[in-house]
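Participant: Number 58 in our numbering belongs to position 58 of the sequence shown; there are no gaps in the numbering.
I have a structure I would like to understand better, so I am pasting it below and will then ask my questions one at a time.
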Amino acid sequence: MTKPNYPAMSDEELRDWVRYHPQDTEAFHILMDRLDQRPKVITRTDEEFATELQRHINQAS
């Protein structure tokens, strides 16, 4: 069996791979590293959350 090319996988592909191959610790660590590199947003109030959610929705449009 050939080793999968994890860097070439999209986040969804890698997440699915980890889901169906839970013994593949290398893939799991690569996925966790990707998720850890994403920007984090902390909101303290419902208003801050709503504002941040709307900002993300507008960016996706």
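Built from N, CA and C at the ideal position, the CB exists for glycine as well.
Since this is a predicted model, take the numbers as computed values, not measurements.
Quick check on DSSP: helix, strand or coil for M32?
Facilitator: Correct three-state label for M32: helix.
Participant: Please state whether the Cβ-Cβ distance between P7 and W17 is less than 8 Å.
Facilitator: Contact: no.
Participant: What do you reckon, are the CB atoms on L53 and I30 nearer than 8 Å?
Facilitator: No, the Cβ-Cβ distance between L53 and I30 is not below 8 Å.
Participant: Any idea if A27 is buried or exposed, counting beta-carbon neighbours within 10 angstroms, 16 or more meaning buried?
Facilitator: Flag for A27 reads buried.
Participant: Pick helix, strand or coil for H56, following the three-state DSSP scheme.
Facilitator: DSSP places H56 in helix when its eight states are reduced to three.
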